[in-house]
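The structure appears right after this line, and notes come after that.
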Amino acid sequence: MVNLQNNNKMHEIVLLGLNHITAPVELRECLAFSSQEAIDSLGLLGKDPAVNELLIFSTCNRVEILMTSTDIPAAIHAAKTHISKFKNIEQGKYEKALYILQGEDAIKHVFRVASSLDSMIIGEPQILGQIKEAYRIATENKTSGVILNRLLHRTFFVAKKVRTETGIGGSAVSISYAAVELGKKIFGSLEGKKVLMIGAGEMVELAVEHIIQNRASEIYVANRTFRRAVELADRFQGKALRFEEIPDSLKSVDIIISSTGSPDFIISCDMVKENMRLRKNRPIFFIDIAVPRDIDPAINRISNAYVYDIDDLKSVIDENLEERKKEAVKGERIVDEAVIKFMEWYKNLEVVPTIVSMKNKLDVIVKSEIEKTQSTLKHLPEADLKVINRMTDSIIKRFMHDPTLFLKGNGCHGDKAIYLDATRKLFKLDE
Amino acid sequence: MESINLIVILFYLSSTAFYAAYFIKQKDFLHHIGYYLLFTGFIIHILSIGTRYTSTGIYPAGNLKENLSIASGAIAGVFLLLKYKFHLKILGTYTAPLSAIVMIISFFLPGYPPEPNMVFKNFWLITHVSIIFIGEASFALACGAGMLYLAQEHAIKTKNHGFFYKRLPSLDLIDSTGHACIVVGFTLLTIGLIIGSIYAKSVWGRFWSWDPKEVWSMISWLLYAALLHQRLTMGWRGRRAAIMSIIGFAALMFTFFGVNFLLTGHHGEFTK
Numbered sequence: 001m002v003n004l005q006n007n008n009k010m011h012e013i014v015l016l017g018l019n020h021i022t023a024p025v026e027l028r029e030c031l032a033f034s035s036q037e038a039i040d041s042l043g044l045l046g047k048d049p050a051v052n053e054l055l056i057f058s059t060c061n062r063v064e065i066l067m068t069s070t071d072i073p074a075a076i077h078a079a080k081t082h083i084s085k086f087k088n089i090e091q092g093k094y095e096k097a098l099y100i101l102q103g104e105d106a107i108k109h110v111f112r113v114a115s116s117l118d119s120m121i122i123g124e125p126q127i128l129g130q131i132k133e134a135y136r137i138a139t140e141n142k143t144s145g146v147i148l149n150r151l152l153h154r155t156f157f158v159a160k161k162v163r164t165e166t167g168i169g170g171s172a173v174s175i176s177y178a179a180v181e182l183g184k185k186i187f188g189s190l191e192g193k194k195v196l197m198i199g200a201g202e203m204v205e206l207a208v209e210h211i212i213q214n215r216a217s218e219i220y221v222a223n224r225t226f227r228r229a230v231e232l233a234d235r236f237q238g239k240a241l242r243f244e245e246i247p248d249s250l251k252s253v254d255i256i257i258s259s260t261g262s263p264d265f266i267i268s269c270d271m272v273k274e275n276m277r278l279r280k281n282r283p284i285f286f287i288d289i290a291v292p293r294d295i296d297p298a299i300n301r302i303s304n305a306y307v308y309d310i311d312d313l314k315s316v317i318d319e320n321l322e323e324r325k326k327e328a329v330k331g332e333r334i335v336d337e338a339v340i341k342f343m344e345w346y347k348n349l350e351v352v353p354t355i356v357s358m359k360n361k362l363d364v365i366v367k368s369e370i371e372k373t374q375s376t377l378k379h380l381p382e383a384d385l386k387v388i389n390r391m392t393d394s395i396i397k398r399f400m401h402d403p404t405l406f407l408k409g410n411g412c413h414g415d416k417a418i419y420l421d422a423t424r425k426l427f428k429l430d431e
Numbered sequence: 432m433e434s435i436n437l438i439v440i441l442f443y444l445s446s447t448a449f450y451a452a453y454f455i456k457q458k459d460f461l462h463h464i465g466y467y468l469l470f471t472g473f474i475i476h477i478l479s480i481g482t483r484y485t486s487t488g489i490y491p492a493g494n495l496k497e498n499l500s501i502a503s504g505a506i507a508g509v510f511l512l513l514k515y516k517f518h519l520k521i522l523g524t525y526t527a528p529l530s531a532i533v534m535i536i537s538f539f540l541p542g543y544p545p546e547p548n549m550v551f552k553n554f555w556l557i558t559h560v561s562i563i564f565i566g567e568a569s570f571a572l573a574c575g576a577g578m579l580y581l582a583q584e585h586a587i588k589t590k591n592h593g594f595f596y597k598r599l600p601s602l603d604l605i606d607s608t609g610h611a612c613i614v615v616g617f618t619l620l621t622i623g624l625i626i627g628s629i630y631a632k633s634v635w636g637r638f639w640s641w642d643p644k645e646v647w648s649m650i651s652w653l654l655y656a657a658l659l660h661q662r663l664t665m666g667w668r669g670r671r672a673a674i675m676s677i678i679g680f681a682a683l684m685f686t687f688f689g690v691n692f693l694l695t696g697h698h699g700e701f702t703k
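For the record, the sequence lines run as chains A and B. Residue 371 in the working numbering sits at position 371 of the first sequence, and the numbers go up by one each step. Just so we're on the same page, the working numbering is the position in the second sequence counted from 1, plus 431.
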């Protein structure tokens, strides 16, 4: 079988890599490729005759080199040599941390990594973007071909599916999501709740967006600079408040999210106590993302008032990470399915190089014959020659039609490789 | 009679088991089974009390054994209705064992042979007793909701998101269910007390006789009235309402047991 594959010049997928489990951080630091280094490596390693297609993917938690090759051992050797030379590190120092995967295993690994099943924080969303970037660089440097293109496109599809169909990215491991979850435990539903956002920043804005998605009714925005408050209020279709209006607003708003640079508390215990009577003790929920804190933690002792600061939310997140691990099992199933589907395509793909080389052979024969004929038909005008070329092209096309259908389609039963082998021998394609 | 009660107890206990399993495992089918077991037990219970009444013509509330049996049935019944409206299914983990325990105590108490006591054929008295029991069952559930509220509130306040936090529903749902129980209980208690005093007028010739049970009933009534009033005007909700519904129920329990054992009065003879 191995012999047959070599005859067919089949492109195998192979992956070399190390990650946060196999390698300590010192080693990962040594071997990480910056994006410029990755581009350079694509140029250098891509030139190696054993390496056909190439993609280099490096983050702080992993380095992965994905290749296709017709000569796997040579490709692996080339990659290792490149790493040692490029990073100036002896092979022995990193070889133990290295995993080398081929074919199905390599495909599965790529899917798992992109779906964040192999991540340090399971379900973290950045990894997919990082892989997309690595792929973009590979396509720009023309080191990715038919197989890697297809593999990466499938990878993006699988990663998205895992994200949407499992809770792997679900239970809150982000501050904003944890805040919404807590709000639901207090209010039952966030529908119709009034939200006050104090200050600005990525985390507060994310949290507010999340709360709006849960159908909160009114959004108020307060900021030291009123203009900024107006801008943000526009964005969230809310109302801008002056900073001095905050104490008064406590009698009507239900959720307060704060993140300012203030060194002192912005909302004091007394402010809340006064307003609790006015709001008839309806629950009020404070989310304090600021460091140093904006909201007096003593407020948490007031009946029906709840205060969560950034540390509290973080410990909630830690618990939810455990939940994610359970959800990851479903993700693994989706990945396994996708691997099976990809393998079907991949096996079919072996047909393509055969057809291409068959067509190339015909092209060469036809071209040389036309050249010969042309030398005896010098009187023919340019336009007529073009017609003859068109004719030969369509002869090739029509000739190729049936074998192409046969090899690609269901015409050949049993092991396709046998037919491919016969085709290659029949037309002497391997010379 | 006793064998039917035993069957009822078995149903209540198996319902308890399923609700306990639901509380731990959080699988929906478990509380569905628990609910139907409780429902079946309740129907058998009601039919047994009904048969007793129609066969003897005497309402079986003449002694503690019978009273507890009715209380157990009332608690189960009120929960079955309440769950329909509020979906606070977790309250079943409180109700099912409560019904079971009350019923078991009733089972082991000695039953006095029914005296040819004419009072338990009186329409007003039967209504008085039945309504008060349903009212008290509502308060028992409010007390349960109050305890759930305190557990969940404690979890959220102390930021300990463990066992209870995950299993208990939102504070809002628990609070509104508890409130509904109090409103229903209070309405029934009021009606029950009025009917009781009408009956007293017809028997003893006066509406109010400073009987200890009457006094303690009035104290409980005032406690719940205060709670409802404060909620409407001051917004007494959440923790305070939860604590009050537990205190209110404790007062009610004293009215039910304590008065009988510690004090004497014309209600005493029914709860020997």
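Here a beta-carbon is modelled for each residue, glycine too, at the ideal position from N, C-alpha and C. Source: prediction; values computed, not measured.
Length at least 4, wholly inside the segment 595-648 of chain B: the alpha helix (DSSP H) runs in chain order:
602-635
Short CB-CB distance (under 8 Å) between residue 601 of chain B and chain A
For this step, residue 601 of chain B is matched to residue 170 along the second sequence. With a threshold of 8 Å between beta carbons, residue 601 of chain B makes contact with chain A.
If residue 663 of chain B sits next to residue 283 of chain A, beta carbons under 8 Å apart, how far is it from one beta carbon to the other, in whole angstroms?
For this step, residue 663 of chain B is matched to residue 232 along the second sequence. For this step, residue 283 of chain A is matched to residue 283 along the first sequence. 17 Å between Cβ atoms; not a contact.
Proximity of residue 643 of chain B and residue 690 of chain B at Cβ, strictly below 8 Å
Indexing the second sequence from 1 puts residue 643 of chain B at position 212. Indexing the second sequence from 1 puts residue 690 of chain B at position 259. Against a cut-off of 8 Å, the Cβ pair of residue 690 of chain B and residue 643 of chain B comes out as a contact.
Compare the C-beta of residue 187 of chain A against all C-beta atoms of chain B and say whether one is closer than 8 Å.
Position 187 of the first sequence, counted from the first residue, corresponds to residue 187 of chain A. At a cut-off of 8 Å between beta-carbon atoms, residue 187 of chain A makes contact with chain B.
Which residue's Cα is closest to the Cα of residue 483 of chain B: B:531, B:452, B:471 and B:433?
Indexing the second sequence from 1 puts residue 483 of chain B at position 52. Closest by alpha carbon: B:433.
For residue 64 of chain A and residue 113 of chain A, what's the separation of their Cα atoms in angstroms?
Along the first sequence, one-based indexing puts residue 64 of chain A at 64. Along the first sequence, one-based indexing puts residue 113 of chain A at 113. When rounded, the distance between both Cα atoms is 10 Å.
Counting C-beta neighbours from all protein chains within 10 Å, is the total for residue 665 of chain B 16 or more, i.e. buried, or is it exposed?
The residue given as residue 665 of chain B occupies position 234 in the second sequence. Burial call: exposed.
Which chain B residues are close to residue 319 of chain A, counting only those with a beta carbon under 7 Å from its beta carbon?
Here residue 319 of chain A refers to the residue found at position 319 of the first sequence. In chain order: 592.
I believe residue 623 of chain B touches residue 677 of chain B by the beta-carbon criterion, under 8 Å. Please report the beta-carbon distance rounded to the nearest angstrom.
In the second sequence, the residue the question calls residue 623 of chain B occupies position 192. In the second sequence, the residue the question calls residue 677 of chain B occupies position 246. No, residue 623 of chain B and residue 677 of chain B are not in contact; Cβ-Cβ is about 21 Å, not under 8 Å.
So which residues of chain A does residue 587 of chain B contact, with C-beta pairs closer than 7 Å?
The residue labelled residue 587 of chain B in the question sits at position 156 within the second sequence. Within chain A, the residues near residue 587 of chain B are 185, 186 and 306.
Which residue wins for smallest C-alpha separation from residue 138 of chain A, given the options A:66, A:405, A:278 and A:247?
Along the first sequence, one-based indexing puts residue 138 of chain A at 138. Of the candidates A:66, A:405, A:278 and A:247, the one whose C-alpha sits nearest the C-alpha of residue 138 of chain A is A:66.
Would you kindly work out how many angstroms separate the C-alpha atoms of residue 682 of chain B and residue 304 of chain A, rounded to a whole number?
Along the second sequence, one-based indexing puts residue 682 of chain B at 251. Along the first sequence, one-based indexing puts residue 304 of chain A at 304. Our two residues, residue 682 of chain B and residue 304 of chain A, have alpha carbons roughly 25 Å apart in a direct line.
Report yes if the CB atom of residue 21 of chain A is closer than 8 Å to the CB atom of residue 41 of chain A, and no otherwise.
On the first sequence, residue 21 of chain A is found 21 positions in, with the first residue counted as 1. On the first sequence, residue 41 of chain A is found 41 positions in, with the first residue counted as 1. No, these two residues do not count as a Cβ contact at 8 Å.
Taking 8 Å as the threshold, find out whether the segment 628-648 of chain B comes into contact with the segment 521-540 of chain B through three or more Cβ pairs.
no
Buried/exposed call for residue 554 of chain B, threshold 16 Cβ in 10 Å:
If you number the second sequence from 1, residue 554 of chain B lands on position 123. The residue is exposed, with fewer than 16 neighbouring Cβ atoms inside 10 Å.
Quick check: residue 76 of chain A and residue 204 of chain A, are their CB atoms within less than 8 Å of each other?
Here residue 76 of chain A is taken as the residue at index 76 of the first sequence, counted from 1. Here residue 204 of chain A is taken as the residue at index 204 of the first sequence, counted from 1. Not a contact, by the Cβ cut-off of 8 Å.
Assuming residue 287 of chain A contacts residue 207 of chain A (C-beta within less than 8 Å), just tell me the rounded distance between them.
Taking the first sequence and counting its residues from 1, one reaches residue 287 of chain A at position 287. Taking the first sequence and counting its residues from 1, one reaches residue 207 of chain A at position 207. About 7 Å; that satisfies the 8 Å criterion.
Just reading off the beta strand (DSSP E) that residue 62 of chain A is part of, what are its end residues?
By one-based count along the first sequence, residue 62 of chain A stands at place 62. From DSSP, the beta strand (DSSP E) with residue 62 of chain A extends over 62-69.
What did DSSP end up calling residue 441 of chain B once you bin it into helix, strand or coil?
Walking along the second sequence from the start, residue 441 of chain B turns up at place 10. Helix, per DSSP.
For a contact defined as C-beta to C-beta under 9 Å, what are the partners of residue 176 of chain A on chain B?
Position 176 of the first sequence holds residue 176 of chain A. Within 9 Å Cβ-Cβ: nothing; residue 176 of chain A doesn't reach chain B, min ~17 Å.
Does residue 316 of chain A come within less than 8 Å of chain B when only Cβ atoms are used?
Walking along the first sequence from the start, residue 316 of chain A turns up at place 316. So yes, residue 316 of chain A belongs to the interface.
Straight-line CA distance for residue 433 of chain A to residue 427 of chain A?
The structure shown does not extend to residue 433 of chain A, since chain A is modelled only from 1 through 431, so no value can be given for it.
Are residue 257 of chain A and residue 195 of chain A touching if we call contact CB-CB under 8 Å?
Counted from its first residue, the first sequence places residue 257 of chain A at position 257. Counted from its first residue, the first sequence places residue 195 of chain A at position 195. For residue 257 of chain A and residue 195 of chain A, yes; Cβs fall inside 8 Å.
Could you name the residues of the same chain whose beta carbon sits closer than 6 Å to that of residue 413 of chain B, not counting the 5 residues immediately before and after it, in chain order?
Here chain B comprises residues numbered 432 to 703, so residue 413 of chain B is not present and cannot be evaluated.
Can you give the beta carbon distance from residue 251 of chain A to residue 278 of chain A, rounded, assuming they're within the 8 Å contact cut?
Taking the first residue of the first sequence as position 1, residue 251 of chain A is located at position 251. Taking the first residue of the first sequence as position 1, residue 278 of chain A is located at position 278. About 4 Å; that satisfies the 8 Å criterion.
From residue 262 of chain A to residue 85 of chain A, what does the alpha carbon distance come to, in whole angstroms?
Here residue 262 of chain A refers to the residue found at position 262 when the first sequence is read from its first residue. Here residue 85 of chain A refers to the residue found at position 85 when the first sequence is read from its first residue. In a straight line, the C-alpha of residue 262 of chain A is about 52 Å away from that of residue 85 of chain A.
Using a Cβ-Cβ cut-off of less than 8 Å, give me the residues of the segment 652-677 of chain B that come near chain A, in sequence order.
665, 666, 667, 668, 669, 670 and 671
Quick one: measure Cβ to Cβ for residue 79 of chain A and residue 16 of chain A, integer angstroms, because I've assumed they're closer than 8 Å.
Start at 1 with the first residue of the first sequence, and residue 79 of chain A comes out as number 79. Start at 1 with the first residue of the first sequence, and residue 16 of chain A comes out as number 16. About 5 Å separates the two Cβ atoms, so the contact holds.
Label residue 578 of chain B either buried or exposed according to how many other C-beta atoms from any shown protein chain fall within 10 Å of its C-beta, with 16 as the threshold for buried.
Taking the first residue of the second sequence as 1, we reach residue 578 of chain B at position 147. Its Cβ being crowded by 16 or more others within 10 Å, residue 578 of chain B is buried.
Cα-Cα separation between residue 4 of chain A and residue 376 of chain A, rounded to whole angstroms
Here residue 4 of chain A corresponds to residue number 4 of the first sequence, with the count starting at 1. Here residue 376 of chain A corresponds to residue number 376 of the first sequence, with the count starting at 1. In this prediction, residue 4 of chain A scores a pLDDT of 35, lower than 50, which makes its location untrustworthy; the coordinate-derived value is nonetheless stated afterwards. Looking at the two C-alpha atoms, the distance is approximately 44 Å.
Just the Cα atoms here: how many angstroms apart are residue 214 of chain A and residue 14 of chain A?
The sequence position of residue 214 of chain A within the first sequence is 214, counting from 1. The sequence position of residue 14 of chain A within the first sequence is 14, counting from 1. Distance between the alpha carbons of residue 214 of chain A and residue 14 of chain A is about 45 Å.
Tell me which residue opens and which closes the beta strand (DSSP E) that residue 17 of chain A is part of.
Within the first sequence, numbered from 1, the residue matching residue 17 of chain A stands at position 17. Looking at the DSSP string, the run of the beta strand (DSSP E) that includes residue 17 of chain A is 12-19.
Using the Cα positions of residue 572 of chain B and residue 522 of chain B, report the straight-line distance between them to the nearest angstrom.
Looking up residue 572 of chain B in the second sequence gives position 141. Looking up residue 522 of chain B in the second sequence gives position 91. Each residue's alpha carbon lies about 8 Å from the other.
Using a Cβ-Cβ cut-off of 7 Å (strictly less than) and excluding sequence neighbours within five positions of residue 626 of chain B, which residues of its own chain qualify?
Walking along the second sequence from the start, residue 626 of chain B turns up at place 195. The residues are 555, 558, 559 and 562.
Give the DSSP-derived three-state secondary structure of residue 371 of chain A in the structure shown.
Here residue 371 of chain A refers to the residue found at position 371 when the first sequence is read from its first residue. Residue 371 of chain A: helix per DSSP, three-state reduction.
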